[in-house]
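What follows is a set of notes on a single structure, which appears directly below.
Protein chains: 2
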Amino acid sequence: MSERLDEQARHMLRETKLYCTEARVAILRVLLEANGPLRQDQIAGWESHKLNKVTVYRTLDSLAEAGLVHRAFLQNRAWHFELADHCSEKQCHPHFTCTNCGVTRCMTDISLPLAKIPQKGYVISRQQVRLEGLCPACA
Amino acid sequence: MSERLDEQARHMLRETKLYCTEARVAILRVLLEANGPLRQDQIAGWESHKLNKVTVYRTLDSLAEAGLVHRAFLQNRAWHFELADHCSEKQCHPHFTCTNCGVTRCMTDISLPLAKIPQKGYVISRQQVRLEGLCPACA
DNA sequence: TCAGAATATGCAACTGAGTTGCATATTTTT
DNA sequence: AAAAATATGCAACTCAGTTGCATATTCTGA
Ligand SMILES: [Zn+2]
Ligand SMILES: [Zn+2]
Ligand SMILES: [Zn+2]
Ligand SMILES: [Zn+2]
Numbered sequence: 106m107s108e109r110l111d112e113q114a115r116h117m118l119r120e121t122k123l124y125c126t127e128a129r130v131a132i133l134r135v136l137l138e139a140n141g142p143l144r145q146d147q148i149a150g151w152e153s154h155k156l157n158k159v160t161v162y163r164t165l166d167s168l169a170e171a172g173l174v175h176r177a178f179l180q181n182r183a184w185h186f187e188l189a190d191h192c193s194e195k196q197c198h199p200h201f202t203c204t205n206c207g208v209t210r211c212m213t214d215i216s217l218p219l220a221k222i223p224q225k226g227y228v229i230s231r232q233q234v235r236l237e238g239l240c241p242a243c244a
Numbered sequence: 106m107s108e109r110l111d112e113q114a115r116h117m118l119r120e121t122k123l124y125c126t127e128a129r130v131a132i133l134r135v136l137l138e139a140n141g142p143l144r145q146d147q148i149a150g151w152e153s154h155k156l157n158k159v160t161v162y163r164t165l166d167s168l169a170e171a172g173l174v175h176r177a178f179l180q181n182r183a184w185h186f187e188l189a190d191h192c193s194e195k196q197c198h199p200h201f202t203c204t205n206c207g208v209t210r211c212m213t214d215i216s217l218p219l220a221k222i223p224q225k226g227y228v229i230s231r232q233q234v235r236l237e238g239l240c241p242a243c244a
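So the sequences go chain by chain: A and B.
Read in order, the letters of the first sequence are residues 106 to 244 in the working numbering.
Read in order, the letters of the second sequence are residues 106 to 244 in the working numbering.
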């Protein structure tokens, strides 16, 4: 099954005309396996892959540019990345963060209506929602 | 009228039982005058006030803790602060950022419905929305 | 299949916003 | 006015992100 994910990653890269390098495949695999947003250092250290920090940085940059990956949100000064395919065209799923224990969870089963800007001329290409509160364990 | 703002700032501080210091009054005034979220360095350098960076940092921290000020939900590495009174109890107004020219605008006239989390046990205390796209000038 | 072009990698060194300890100054309270 | 409570500012630190440059990989097309 790791074969399967590798193949999937390679396919995604070919689709977007990105060089199919070891680092890109590894990073896409990590994101495919993860069930939520990850920090760069989490990706770099995933299962002792020991990917170089700068490579991870530049790879995520290229993956984001290609639209395969999104910068989900900034938390504690660090970007959190996740696959873009969890998101619809214009709206990413909301993320909930517990103010007590700090866990962040993808709320893939919720979606809010797209905002309508009354002033003429605005074009919205992406809407992001952040929820803050207490998780079941802390409430 | 700057007298007016000073008085207003002092009043806010007294209300929240915070020490009424020169730095706090100055920073509140800056935020009262500003029409959008500001970075710490913008606040520190506002009209040659030349406030100390660490003081600005700790002051904003205390103002946020007291609920007078909020950290806006933007996609930048630097926090942006604004007065909290633009926000309702559970929801802050959305912020729109133009991906072309970079301007950020408070969308105080829009509001989305509060998210409903289907899973039991979650308590949402705050919802924040970020919009990205093209402003009228860039569209 | 192999040379050359195009692109990615990794080291080291830097940036920039935030953060902290500690001695001193200010504000409040008594 | 003195004491207690809190805020300020310097300097030094953290840490994720970022960049230059030499080297290594990947891709392309003869
Ligand atoms: Zn929790
Ligand atoms: Zn997510
Ligand atoms: Zn614009
Ligand atoms: Zn705002």
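C-beta: ideal position from N, C-alpha, C; glycine also.
For this session: Could you confirm whether any beta carbon from chain A is found closer than 8 Å to the beta carbon of arginine 115 of chain B?
Result: Interface annotation, arginine 115 of chain B: not in contact with chain A, CB-CB separation never under 8 Å.
For this session: Let me have the residue list for ligand 4: C-beta closer than 6 Å to any non-hydrogen atom, ordered along the chain.
Result: That query returns the following residues: B/Gly141, B/Pro142, B/Ala177, B/Glu187, B/His191, B/His198, B/His200 and B/Cys211.
For this session: Tell me, please, whether the CB atom of asparagine 237 of chain B is closer than 8 Å to any CB atom in chain A?
Result: The residue asked about is misnamed: residue 237 of chain B is glutamate in this sequence, not asparagine. Closer than 8 Å: yes.
Exercise. Which residues mark the beginning and the end of the beta strand (DSSP E) in which glycine 238 of chain A is found?
Worked result: Note, glycine 238 of chain A: beta strand (DSSP E), 228-239.
Problem set entry | Secondary structure, alpha helix (DSSP H): runs of 4+ residues fully inside the stretch 177-212 of chain B | Within the stretch 177-212 of chain B, complete alpha helix (DSSP H) segments of at least 4 residues are not found at all.
Exercise. Is the Cβ-Cβ distance between proline 142 of chain B and threonine 209 of chain B less than 8 Å?
Worked result: With contacts defined as CB atoms closer than 8 Å, proline 142 of chain B and threonine 209 of chain B qualify as a contacting pair.
Exercise. Quick one: Cα of glutamine 113 of chain B to Cα of valine 159 of chain B, how far?
Worked result: CA-to-CA, the gap between glutamine 113 of chain B and valine 159 of chain B works out to about 24 Å.
Exercise. By the criterion of Cβ-Cβ separation under 8 Å, what are the contact partners of arginine 182 of chain A in chain B?
Worked result: Those are Arg182, listed as they occur along chain B.
Problem set entry | glutamine 145 of chain A burial status per 10 Å Cβ neighbour count (16 or more: buried) | It is buried - the Cβ of glutamine 145 of chain A has at least 16 other Cβ atoms within 10 Å.
Problem set entry | Contacts that aspartate 166 of chain A makes with chain B (C-beta to C-beta distance below 9 Å) | Residues of chain B passing the Cβ test: none, with the nearest at roughly 14 Å.
Exercise. Along the chain, where does the alpha helix (DSSP H) that runs through tyrosine 162 of chain B open and close?
Worked result: First-last of the alpha helix (DSSP H) with tyrosine 162 of chain B: 158-170.
For this session: Using a Cβ cut-off of 8 Å (strictly closer), state whether aspartate 146 of chain B contacts chain A.
Result: It does not: the Cβ of aspartate 146 of chain B has no partner Cβ on chain A nearer than 8 Å.
Problem set entry | For glutamate 138 of chain A and aspartate 111 of chain A, the rounded distance between their alpha carbons | Answer to the nearest angstrom: the Cα atoms are 11 Å apart.
For this session: Kindly give me the distance between the Cβ atoms of phenylalanine 178 of chain A and arginine 235 of chain A, rounded to whole angstroms, as I take these residues to be in contact under 8 Å.
Result: Confirmed, Cβ separation roughly 6 Å.
Problem set entry | Exposure label - glycine 226 of chain B; buried when at least 16 CB within 10 Å | Label assigned to glycine 226 of chain B: exposed.
Exercise. What does phenylalanine 186 of chain B touch in chain A if you count any residue whose Cβ is under 9 Å from its own?
Worked result: Correct list: empty, because the minimum Cβ distance to chain A is about 15 Å.
Problem set entry | For valine 174 of chain A: DSSP bridge partner residues | Bridge partners of valine 174 of chain A: A/Leu188.
Exercise. Which of helix, strand or coil does DSSP assign to proline 143 of chain B?
Worked result: For clarity, residue 143 of chain B is leucine in the given sequence; the question names proline instead. Secondary structure of leucine 143 of chain B (DSSP, three-state): strand.
Problem set entry | C-beta atoms of isoleucine 215 of chain A and histidine 191 of chain A nearer than 8 Å | No, the Cβ-Cβ distance between isoleucine 215 of chain A and histidine 191 of chain A is not below 8 Å.
Problem set entry | Chain-ordered chain B contacts of serine 230 of chain A [CB-CB under 8 Å] | Result: Thr204, Glu237, Gly238 and Leu239.
For this session: Kindly examine ligand 3 and report whether one of its heavy atoms sits closer than 7 Å to the Cβ of valine 208 of chain B.
Result: Correct: valine 208 of chain B has its Cβ closer than 7 Å to ligand 3.
Exercise. For isoleucine 229 of chain B, which residues from the same chain have a beta carbon less than 8 Å from its beta carbon, with the 5 sequence-adjacent residues on both sides left out?
Worked result: The answer, listed in chain order, is Lys195, Leu219, Ala220 and Ile222.
For this session: Would you verify that the beta carbon of glutamine 196 of chain B is, or is not, closer than 8 Å to some beta carbon of chain A?
Result: Glutamine 196 of chain B does not count as touching chain A.
Problem set entry | leucine 239 of chain B: CB within 7 Å of a non-hydrogen atom of ligand 3 | Within the cutoff, so yes.
Exercise. Buried or exposed: glycine 207 of chain B, going by 16 or more other Cβ atoms within 10 Å of its Cβ?
Worked result: Glycine 207 of chain B counts as exposed, since fewer than 16 other beta carbons sit within 10 angstroms of its beta carbon.
Exercise. Using a C-beta to C-beta distance shorter than 7 Å, which residues of chain A count as neighbours of valine 135 of chain B?
Worked result: Correct list: empty, because the minimum Cβ distance to chain A is about 24 Å.
Problem set entry | Same chain, Cβ closer than 6 Å to leucine 136 of chain A, five either side skipped, listed in chain order | Within the same chain, leucine 136 of chain A has close Cβ partners Leu188.
Exercise. Which residue comes first and which comes last in the alpha helix (DSSP H) that contains histidine 116 of chain A?
Worked result: It spans 107-120 - the alpha helix (DSSP H) in which histidine 116 of chain A sits, taken as one unbroken run.
Problem set entry | Member of B/Pro241, B/Phe201, B/Gln180 and B/Arg134 whose CA lies at the smallest distance from the CA of valine 174 of chain B | Put simply, of B/Pro241, B/Phe201, B/Gln180 and B/Arg134 the residue whose alpha carbon is nearest the alpha carbon of valine 174 of chain B is B/Arg134.
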